[in-house]
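Numbering (my numbering), first residue to last: 2 to 323.
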(Lines of atoms letter the chains of each structure in order from A and count residues from 1; the text may use other names and numbers.)
(Lines give C-alpha, C1' and ligand atoms only; values in the text may rest on other atoms or scores of the structure.)
Protein backbone atom coordinates (compact mmCIF):
# COMPACT_ATOMS: atom_id res chain seq x y z
CA UNK A 1 0.00 0.00 0.00
CA UNK A 2 2.73 2.49 0.98
CA UNK A 3 4.52 2.01 -2.32
CA UNK A 4 1.62 2.82 -4.65
CA UNK A 5 -0.04 5.69 -2.81
CA UNK A 6 1.09 9.24 -3.53
CA UNK A 7 2.27 9.97 0.00
CA UNK A 8 3.78 13.37 0.73
CA UNK A 9 6.52 11.66 2.72
CA UNK A 10 8.42 8.72 1.25
CA UNK A 11 10.99 6.23 2.45
CA UNK A 12 13.67 4.03 0.92
CA UNK A 13 14.60 2.02 3.98
CA UNK A 14 13.31 0.89 7.33
CA UNK A 15 14.93 0.68 10.73
CA UNK A 16 13.74 0.13 14.27
CA UNK A 17 13.34 3.19 16.44
CA UNK A 18 15.35 1.47 19.19
CA UNK A 19 18.37 1.67 16.86
CA UNK A 20 17.74 5.42 16.63
CA UNK A 21 17.99 5.51 20.41
CA UNK A 22 21.22 3.52 20.44
CA UNK A 23 22.86 5.72 17.83
CA UNK A 24 21.58 8.89 19.50
CA UNK A 25 22.91 7.76 22.87
CA UNK A 26 26.35 7.16 21.36
CA UNK A 27 26.40 10.66 19.85
CA UNK A 28 25.17 12.21 23.10
CA UNK A 29 27.93 10.37 24.95
CA UNK A 30 30.56 11.70 22.58
CA UNK A 31 29.34 15.26 23.09
CA UNK A 32 28.90 15.18 26.84
CA UNK A 33 31.19 13.23 29.21
CA UNK A 34 28.49 13.29 31.90
CA UNK A 35 26.16 11.04 29.88
CA UNK A 36 26.12 7.56 31.39
CA UNK A 37 24.20 4.43 30.43
CA UNK A 38 22.49 1.88 32.65
CA UNK A 39 20.82 -1.28 31.36
CA UNK A 40 18.79 -4.07 32.95
CA UNK A 41 20.30 -7.04 31.11
CA UNK A 42 18.98 -6.00 27.67
CA UNK A 43 21.98 -4.35 25.99
CA UNK A 44 21.27 -5.94 22.60
CA UNK A 45 17.55 -5.24 22.66
CA UNK A 46 18.11 -1.58 23.64
CA UNK A 47 20.97 -1.16 21.12
CA UNK A 48 23.28 0.14 23.85
CA UNK A 49 26.25 -1.99 22.82
CA UNK A 50 28.06 0.71 20.87
CA UNK A 51 27.90 3.09 23.84
CA UNK A 52 29.14 0.34 26.16
CA UNK A 53 32.06 -0.46 23.85
CA UNK A 54 33.17 3.16 23.43
CA UNK A 55 32.57 4.24 27.02
CA UNK A 56 32.92 1.15 29.22
CA UNK A 57 33.71 3.26 32.28
CA UNK A 58 30.41 5.12 31.80
CA UNK A 59 28.21 2.07 31.31
CA UNK A 60 26.59 0.04 34.10
CA UNK A 61 25.00 -3.36 33.61
CA UNK A 62 22.66 -3.67 36.59
CA UNK A 63 21.13 -7.01 35.69
CA UNK A 64 17.46 -7.88 36.03
CA UNK A 65 16.98 -5.31 38.79
CA UNK A 66 15.00 -2.48 37.27
CA UNK A 67 13.99 -0.82 40.53
CA UNK A 68 17.61 -0.75 41.63
CA UNK A 69 18.54 0.76 38.27
CA UNK A 70 16.20 3.70 38.84
CA UNK A 71 17.66 4.28 42.29
CA UNK A 72 21.21 4.19 40.91
CA UNK A 73 20.25 6.63 38.16
CA UNK A 74 18.70 9.03 40.65
CA UNK A 75 21.84 8.92 42.78
CA UNK A 76 24.15 9.47 39.82
CA UNK A 77 22.17 12.53 38.77
CA UNK A 78 22.85 14.17 42.13
CA UNK A 79 26.54 14.22 41.26
CA UNK A 80 26.02 15.81 37.86
CA UNK A 81 25.79 12.71 35.72
CA UNK A 82 23.08 12.39 33.06
CA UNK A 83 21.85 8.79 33.37
CA UNK A 84 20.04 7.05 30.50
CA UNK A 85 18.30 3.91 31.76
CA UNK A 86 17.41 1.18 29.29
CA UNK A 87 14.91 -1.67 29.41
CA UNK A 88 11.55 -2.65 27.89
CA UNK A 89 8.74 -0.12 28.28
CA UNK A 90 6.79 -2.53 30.47
CA UNK A 91 9.68 -2.81 32.91
CA UNK A 92 10.57 0.90 32.58
CA UNK A 93 7.18 1.95 33.96
CA UNK A 94 4.88 -0.67 35.46
CA UNK A 95 7.60 -2.53 37.35
CA UNK A 96 9.30 0.57 38.74
CA UNK A 97 6.59 3.20 39.05
CA UNK A 98 7.15 3.74 42.75
CA UNK A 99 10.89 4.32 42.30
CA UNK A 100 10.30 6.75 39.43
CA UNK A 101 7.66 8.66 41.36
CA UNK A 102 9.51 8.89 44.65
CA UNK A 103 13.17 9.09 43.60
CA UNK A 104 13.06 10.79 40.19
CA UNK A 105 9.89 12.75 39.41
CA UNK A 106 9.23 14.16 42.90
CA UNK A 107 12.66 15.78 43.18
CA UNK A 108 13.05 16.48 39.43
CA UNK A 109 16.15 14.33 39.01
CA UNK A 110 17.88 14.66 35.64
CA UNK A 111 17.23 11.03 34.63
CA UNK A 112 16.29 9.85 31.13
CA UNK A 113 14.04 6.78 31.26
CA UNK A 114 14.44 5.14 27.86
CA UNK A 115 11.89 2.49 27.03
CA UNK A 116 11.92 0.08 24.10
CA UNK A 117 9.47 -2.57 22.85
CA UNK A 118 6.40 -0.42 23.59
CA UNK A 119 2.91 -1.08 22.26
CA UNK A 120 1.41 -3.82 20.12
CA UNK A 121 4.24 -3.71 17.58
CA UNK A 122 6.42 -5.59 20.05
CA UNK A 123 4.64 -8.45 18.33
CA UNK A 124 5.23 -12.08 19.23
CA UNK A 125 6.22 -11.51 22.88
CA UNK A 126 2.54 -11.00 23.63
CA UNK A 127 0.32 -9.18 26.08
CA UNK A 128 2.56 -9.42 29.14
CA UNK A 129 5.21 -7.32 27.37
CA UNK A 130 3.04 -5.10 25.13
CA UNK A 131 2.45 -2.28 27.56
CA UNK A 132 -0.31 0.06 26.38
CA UNK A 133 -0.65 2.15 29.53
CA UNK A 134 2.82 3.68 29.85
CA UNK A 135 2.19 7.10 28.31
CA UNK A 136 -0.68 7.67 30.71
CA UNK A 137 1.30 6.49 33.71
CA UNK A 138 4.21 8.75 32.92
CA UNK A 139 2.34 11.88 31.83
CA UNK A 140 0.44 11.88 35.14
CA UNK A 141 3.68 12.30 37.06
CA UNK A 142 4.42 15.95 37.89
CA UNK A 143 7.74 17.19 36.44
CA UNK A 144 7.93 14.34 33.88
CA UNK A 145 8.45 15.08 30.17
CA UNK A 146 7.02 12.38 27.87
CA UNK A 147 8.31 11.85 24.31
CA UNK A 148 7.19 9.32 21.68
CA UNK A 149 9.07 9.79 18.35
CA UNK A 150 7.93 8.34 15.03
CA UNK A 151 10.95 6.84 13.20
CA UNK A 152 14.67 6.13 13.43
CA UNK A 153 15.78 9.67 12.57
CA UNK A 154 13.39 11.36 14.98
CA UNK A 155 14.28 8.94 17.79
CA UNK A 156 17.99 9.62 17.30
CA UNK A 157 17.35 13.37 17.32
CA UNK A 158 15.13 13.12 20.40
CA UNK A 159 17.73 11.08 22.30
CA UNK A 160 20.37 13.72 21.64
CA UNK A 161 17.96 16.53 22.54
CA UNK A 162 17.01 15.12 25.94
CA UNK A 163 20.68 14.89 26.90
CA UNK A 164 20.74 18.71 26.71
CA UNK A 165 17.43 19.09 28.56
CA UNK A 166 17.50 19.25 32.35
CA UNK A 167 14.83 17.22 34.09
CA UNK A 168 13.24 13.76 34.10
CA UNK A 169 12.21 12.42 30.71
CA UNK A 170 10.36 9.31 29.54
CA UNK A 171 11.42 8.39 25.99
CA UNK A 172 9.33 5.69 24.30
CA UNK A 173 10.35 3.72 21.19
CA UNK A 174 9.84 0.33 19.60
CA UNK A 175 11.07 -2.95 18.22
CA UNK A 176 9.97 -3.39 14.57
CA UNK A 177 11.70 -2.04 11.51
CA UNK A 178 9.66 0.99 10.48
CA UNK A 179 9.77 3.42 7.54
CA UNK A 180 12.38 6.17 7.89
CA UNK A 181 10.57 9.19 6.49
CA UNK A 182 11.75 12.22 8.48
CA UNK A 183 14.97 14.17 7.72
CA UNK A 184 18.34 13.03 9.01
CA UNK A 185 19.32 16.58 9.97
CA UNK A 186 16.13 17.52 11.82
CA UNK A 187 16.17 19.65 14.94
CA UNK A 188 14.09 18.06 17.68
CA UNK A 189 12.17 20.62 19.72
CA UNK A 190 10.75 19.23 22.94
CA UNK A 191 7.12 20.30 23.35
CA UNK A 192 6.75 21.60 19.78
CA UNK A 193 4.36 19.72 17.49
CA UNK A 194 5.34 19.24 13.85
CA UNK A 195 2.76 20.04 11.18
CA UNK A 196 3.83 17.55 8.52
CA UNK A 197 0.98 17.98 6.04
CA UNK A 198 -1.28 21.01 5.66
CA UNK A 199 -5.02 20.40 5.35
CA UNK A 200 -8.45 21.97 5.89
CA UNK A 201 -11.08 19.22 6.29
CA UNK A 202 -9.86 17.22 9.30
CA UNK A 203 -6.80 17.10 11.54
CA UNK A 204 -5.00 13.85 12.30
CA UNK A 205 -2.92 14.12 15.47
CA UNK A 206 -0.59 11.12 15.57
CA UNK A 207 2.29 9.92 17.71
CA UNK A 208 4.96 7.23 17.52
CA UNK A 209 4.63 4.52 14.89
CA UNK A 210 1.17 5.75 13.95
CA UNK A 211 2.55 8.94 12.43
CA UNK A 212 3.48 6.88 9.37
CA UNK A 213 0.01 5.32 9.32
CA UNK A 214 -1.42 8.85 9.44
CA UNK A 215 0.73 9.85 6.45
CA UNK A 216 -0.61 6.86 4.50
CA UNK A 217 -4.17 7.68 5.60
CA UNK A 218 -3.76 11.27 4.37
CA UNK A 219 -2.89 9.97 0.89
CA UNK A 220 -5.91 7.66 0.93
CA UNK A 221 -8.20 10.49 1.98
CA UNK A 222 -6.74 12.79 -0.66
CA UNK A 223 -7.62 10.26 -3.35
CA UNK A 224 -11.24 10.65 -2.20
CA UNK A 225 -11.09 14.44 -2.26
CA UNK A 226 -10.67 14.88 1.50
CA UNK A 227 -7.95 17.29 2.59
CA UNK A 228 -6.43 16.11 5.90
CA UNK A 229 -3.89 17.88 8.06
CA UNK A 230 -1.32 15.62 9.73
CA UNK A 231 0.42 16.77 12.90
CA UNK A 232 3.16 14.78 14.58
CA UNK A 233 2.72 15.03 18.35
CA UNK A 234 6.07 13.58 19.38
CA UNK A 235 5.92 15.24 22.80
CA UNK A 236 2.94 14.04 24.81
CA UNK A 237 3.93 16.25 27.74
CA UNK A 238 4.35 19.20 27.65
CA UNK A 239 1.64 19.18 25.00
CA UNK A 240 1.67 21.78 22.24
CA UNK A 241 -1.86 23.03 22.95
CA UNK A 242 -1.40 26.04 20.71
CA UNK A 243 -0.77 23.86 17.65
CA UNK A 244 -3.77 21.68 18.49
CA UNK A 245 -6.19 24.56 18.94
CA UNK A 246 -4.94 26.40 15.87
CA UNK A 247 -5.39 23.35 13.64
CA UNK A 248 -8.82 22.34 14.93
CA UNK A 249 -10.05 25.95 14.67
CA UNK A 250 -9.29 25.62 10.94
CA UNK A 251 -10.46 22.05 10.22
CA UNK A 252 -13.32 21.84 12.71
CA UNK A 253 -12.71 18.22 13.72
CA UNK A 254 -9.92 15.76 14.45
CA UNK A 255 -8.67 12.22 14.91
CA UNK A 256 -6.04 11.13 17.43
CA UNK A 257 -3.93 8.08 16.58
CA UNK A 258 -1.70 6.26 19.02
CA UNK A 259 -0.37 2.79 19.84
CA UNK A 260 -1.75 3.01 23.37
CA UNK A 261 -4.95 2.65 25.35
CA UNK A 262 -7.69 5.22 24.73
CA UNK A 263 -7.43 5.95 28.43
CA UNK A 264 -4.53 8.15 29.45
CA UNK A 265 -2.82 8.68 26.12
CA UNK A 266 -2.61 11.35 23.46
CA UNK A 267 -6.34 11.22 22.75
CA UNK A 268 -7.16 12.05 26.35
CA UNK A 269 -4.77 15.00 26.31
CA UNK A 270 -6.18 16.40 23.07
CA UNK A 271 -9.76 15.92 24.30
CA UNK A 272 -9.02 17.82 27.52
CA UNK A 273 -7.45 20.64 25.50
CA UNK A 274 -10.47 20.91 23.20
CA UNK A 275 -13.14 20.68 25.86
CA UNK A 276 -11.49 23.45 27.86
CA UNK A 277 -11.01 25.77 24.92
CA UNK A 278 -12.84 24.90 21.72
CA UNK A 279 -14.99 21.73 21.77
CA UNK A 280 -15.00 19.92 18.43
CA UNK A 281 -15.75 16.41 17.11
CA UNK A 282 -12.93 13.97 17.87
CA UNK A 283 -12.47 10.32 16.99
CA UNK A 284 -9.97 8.06 18.75
CA UNK A 285 -7.61 5.52 17.23
CA UNK A 286 -6.17 3.42 20.03
CA UNK A 287 -6.71 0.22 21.99
CA UNK A 288 -10.14 0.01 23.57
CA UNK A 289 -9.56 -1.15 27.16
CA UNK A 290 -7.93 -4.48 26.38
CA UNK A 291 -4.59 -6.22 26.54
CA UNK A 292 -2.76 -7.21 23.37
CA UNK A 293 -1.78 -10.68 22.20
CA UNK A 294 1.01 -12.48 20.39
CA UNK A 295 1.20 -11.86 16.64
CA UNK A 296 2.98 -10.09 13.82
CA UNK A 297 3.17 -6.31 14.36
CA UNK A 298 1.18 -5.18 11.30
CA UNK A 299 -1.45 -7.88 11.79
CA UNK A 300 -1.94 -6.70 15.37
CA UNK A 301 -2.29 -3.07 14.28
CA UNK A 302 -4.96 -4.18 11.82
CA UNK A 303 -6.82 -6.38 14.32
CA UNK A 304 -6.87 -3.70 17.01
CA UNK A 305 -7.87 -0.96 14.57
CA UNK A 306 -4.66 1.07 14.60
CA UNK A 307 -3.75 1.11 10.90
CA UNK A 308 -4.22 3.63 8.08
CA UNK A 309 -7.54 2.14 6.98
CA UNK A 310 -9.04 2.73 10.41
CA UNK A 311 -7.63 6.26 10.55
CA UNK A 312 -9.42 6.94 7.25
CA UNK A 313 -12.71 5.64 8.67
CA UNK A 314 -12.28 7.73 11.82
CA UNK A 315 -11.50 10.86 9.78
CA UNK A 316 -14.68 10.45 7.74
CA UNK A 317 -16.75 9.90 10.90
CA UNK A 318 -15.25 12.97 12.54
CA UNK A 319 -16.04 15.07 9.46
CA UNK A 320 -19.62 13.79 9.45
CA UNK A 321 -20.07 15.07 13.01
CA UNK A 322 -19.18 18.68 12.21
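Where is the CB? At the ideal position from N, CA and C, for every residue including glycine.
Values in this document were obtained by computation on a predicted structure and should not be read as measured data.
Residue i - containing alpha helix (DSSP H), residue span
| i | result |
| --- | --- |
| residue 73 | 67–79 |
| residue 112 | Here residue 112 belongs to no alpha helix (DSSP H), and DSSP marks it neither H nor E. |
| residue 217 | 211–224 |
| residue 273 | 267–278 |
Close Cβ partners of residue i (< 6 Å) along its chain, the five nearest in sequence each way excluded
| i | result |
| --- | --- |
| residue 240 | 270 |
| residue 292 | 128 |
| residue 28 | 161 |
| residue 1 | Here the chain has residues from 2 to 323 only, and residue 1 is not among them. |
Residue i versus residue j: straight-line alpha-carbon distance, rounded
| i | j | result |
| --- | --- | --- |
| residue 184 | residue 297 | 28 Å |
| residue 305 | residue 176 | 18 Å |
| residue 210 | residue 99 | 28 Å |
| residue 14 | residue 170 | 29 Å |
| residue 90 | residue 10 | 28 Å |
| residue 180 | residue 16 | 7 Å |
| residue 254 | residue 323 | 7 Å |
| residue 202 | residue 224 | 14 Å |
| residue 294 | residue 307 | 14 Å |
Other residues of its chain near residue i: CB distance less than 8 Å, five sequence neighbours each side excluded
| i | result |
| --- | --- |
| residue 137 | 261, 262, 264, 265, 266, 269 |
| residue 200 | 219, 228, 229, 230, 231, 252 |
| residue 246 | 274, 275, 278, 279 |
| residue 81 | 35 |
| residue 135 | 90, 91, 93, 94, 95, 116, 119, 171, 173, 261 |
Residue interval of the beta strand (DSSP E) (run including residue i)
| i | result |
| --- | --- |
| residue 84 | 83–89 |
| residue 153 | Counting along the chain, residue 153 falls outside any beta strand (DSSP E), though it belongs to the alpha helix (DSSP H) covering 153–164. |
| residue 233 | 229–233 |
| residue 297 | Element bounds for residue 297: n/a, residue is neither H nor E. |
Own chain partners of residue i with C-beta closer than 7 Å, once the 5 adjacent residues on each side are dropped
| i | result |
| --- | --- |
| residue 51 | 23, 27 |
| residue 75 | 104, 105, 110, 112 |
| residue 178 | 15, 16, 17 |
| residue 77 | 37, 84 |
Would the stretch 268–278 and the stretch 219–228 be scored as touching if the rule is three or more Cβ pairs under 8 Å? At 8 Å Cβ cutoff, the stretches do not touch.
### Message
Closer than 8 Å is the cut-off here; do at least three beta carbon pairs connect the stretch 137–151 with the stretch 93–112?
### Response
They touch, by the three-pair rule.
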